[in-house]
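I have placed the structure first, in the form of C-alpha cells, so that the comments after it can refer back to it.
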Amino acid sequence: MEYRVIWPKTRKYLEEYLAGLIAGDGQIEKKRITITDSSKEFLDEVATRMINVLGVEPRIHQRTNANAYYLRIYGIGIVKEFRQLITELKSRPTLNFIRGFFDAEGTINVEQGKYIVIEISQHEGTIIANLAIALRDRCIYPYIRYREYYDPRPKKRRTYTRYVLRIKRMSSVYRFLNRVGVRHPKHISKLTGLRPL
Numbered sequence: 000m001e002y003r004v005i006w007p008k009t010r011k012y013l014e015e016y017l018a019g020l021i022a023g024d025g026q027i028e029k030k031r032i033t034i035t036d037s038s039k040e041f042l043d044e045v046a047t048r049m050i051n052v053l054g055v056e057p058r059i060h061q062r063t064n065a066n067a068y069y070l071r072i073y074g075i076g077i078v079k080e081f082r083q084l085i086t087e088l089k090s091r092p093t094l095n096f097i098r099g100f101f102d103a104e105g106t107i108n109v110e111q112g113k114y115i116v117i118e119i120s121q122h123e124g125t126i127i128a129n130l131a132i133a134l135r136d137r138c139i140y141p142y143i144r145y146r147e148y149y150d151p152r153p154k155k156r157r158t159y160t161r162y163v164l165r166i167k168r169m170s171s172v173y174r175f176l177n178r179v180g181v182r183h184p185k186h187i188s189k190l191t192g193l194r195p196l
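Numbering of the sequence shown is given in numbering that gives the first Met the number 0, commencing with residue 0 and proceeding in unit increments.
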C-alpha cells in the first residue's frame, strides 16, 4: 500500500498539527495541556519534534490503571496560544490541523478484505463538517454520517452522538494517504502489507 509519512517541519506547521492533535485527544487546563494516546512510541516522536522545533520539553507518563500514556506541556503562555489557535483552526482547518486531528481521532479499516476506508469521528459535528469542506477543497471527497451510542457508566448515563467523516472512494483514499499522510504507528501497521490501490 502506497502512503507517505509526513511530519510538519516548521514552527507554524507543527503548531497547527499539535492544535489538531489537542482538539482530538487533548485537554487544555489553566496552566497545562495534556495529549493522551495508547502509543508511547508516537508520543515520544511528538515530544522530540516539540523539543527540536518549538523548544518546549514535554513530560510523558503512563496513566494509572490504564493502557495509555499522556504527554504534558506547562505554561500559561503556551496554553493561551493553543486555545486561540484551536478556535481559529476548528472553523478553517489547514492541512496540518487535519493531520493532527486524524492522528487523534482517525481510523483506517479494511472492509470486505480489500477496500480501505478512512474514518474520522468526533462528537462535535461542526468540526467534522469543516474538515469535510477542507478535504473537498483538496479533491478528497468524504461523506458524513452519525452514530448514536449509549454510555452506561455512572454520571454519564445517556445517549451520545458521534459524527463520522468517511472516505471510501478509492481515488480519495489514495489522495488522503499521499497528501495528509500518516504518522501514527496504528495507521502505519494497518497499511503495511496491503496490496496497492
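Think of the CB as a built atom: it goes at the ideal place given N, C-alpha and C, for glycine as much as any other residue.
C-beta atoms of residue 36 and residue 73 nearer than 9 Å: On the sequence shown, residue 36 is found 37 positions in, with the first residue counted as 1. On the sequence shown, residue 73 is found 74 positions in, with the first residue counted as 1. At a Cβ-Cβ threshold of 9 Å, residue 36 and residue 73 do not count as neighbours.
Neighbour-count burial assignment, residue 171, 16 or more Cβ in a 10 Å radius: Against the sequence shown, residue 171 aligns to sequence position 172. Counting Cβ neighbours within 10 Å, residue 171 comes out buried, since at least 16 surround it.
Cβ pair residue 130, residue 84 closer than 9 Å: In the sequence shown, counting from the first residue as 1, residue 130 sits at position 131. In the sequence shown, counting from the first residue as 1, residue 84 sits at position 85. Not in contact: residue 130 and residue 84 (Cβ atoms no closer than 9 Å).
Residue 50 in three-state terms, based on DSSP: Here residue 50 is taken as the residue at index 51 of the sequence shown, counted from 1. Three-state result, residue 50: helix.
Buried versus exposed call for residue 108 [16 or more other C-beta atoms within 10 Å across all chains shown]: One-based indexing of the sequence shown puts residue 108 at position 109. Residue burial annotation: residue 108 is exposed, with fewer than 16 other C-beta atoms found within 10 angstroms of its C-beta.
Per-residue DSSP class, three states only, for residue 12: Along the sequence shown, read from residue 1 onward, the residue named residue 12 stands at position 13. Reduced to three states, the DSSP call for residue 12 is helix.
Closest Cα partner of residue 53 within the set 80, 41, 4, 175: For the purposes of this step, residue 53 is taken as the residue at position 54 of the sequence shown. Looking at the Cα atoms, 80 is the closest of the given residues.
Coil, strand or helix - residue 186 by DSSP: Residue mapping note: residue 186 aligns to position 187 of the sequence shown, counting from 1. It is helical.
Neighbourhood of residue 6 by C-beta distance below 7 Å, restricted to the same chain and skipping five residues each side: Taking the first residue of the sequence shown as 1, we reach residue 6 at position 7. Here the set comprises 48, 182.
Neighbourhood of residue 57 by C-beta distance below 7 Å, restricted to the same chain and skipping five residues each side: Working through the sequence shown from its first residue, we reach residue 57 at position 58. Cβ neighbours of residue 57 beyond the five flanking positions: 46, 49, 70, 71, 72.
Sheet register partners of residue 25 (DSSP bridge): Within the sequence shown, numbered from 1, the residue matching residue 25 stands at position 26. Bridge partners of residue 25: 34.
Residue 147, buried or exposed, once every other Cβ within 10 Å from all chains shown has been counted against 16: Reading the sequence shown from its first residue, position 148 is the one you call residue 147. Exposed, because fewer than 16 other Cβ atoms sit within 10 Å of the Cβ of residue 147.
Residue 33 versus residue 27: straight-line alpha-carbon distance, rounded: To locate residue 33, count along the sequence shown from 1; it is residue 34. To locate residue 27, count along the sequence shown from 1; it is residue 28. Rounded to whole angstroms, residue 33 to residue 27 spans 7 Å at the Cα level.
Segments assigned beta strand (DSSP E), at least 3 residues, entirely inside the region 107 to 189: 114 to 121, 142 to 150, 157 to 166
Contact check, residue 180 vs residue 103, beta carbons under 9 Å: Reading the sequence shown from its first residue, position 181 is the one you call residue 180. Reading the sequence shown from its first residue, position 104 is the one you call residue 103. Result no, Cβ atoms of residue 180 and residue 103 do not sit closer than 9 Å.
Buried or exposed by the 16-neighbour rule on C-beta atoms within 10 Å, applied to residue 162: As a first step, residue 162 must be located in the sequence shown, where it is residue number 163. By the C-beta density criterion, residue 162 is buried, having at least 16 other C-beta atoms within 10 angstroms.
Option in 96, 138, 125 with minimal Cα separation from residue 21: For the purposes of this step, residue 21 is identified with residue 22 of the sequence shown, where counting begins at 1. Of the listed residues, the one whose Cα sits closest to residue 21 is 96.
Proximity test, residue 22 beta-carbon vs the ligand FAD heavy atom, cut-off 8 Å: Only the bare structure without any ligand can be found here, which leaves the ligand FAD out of the picture.
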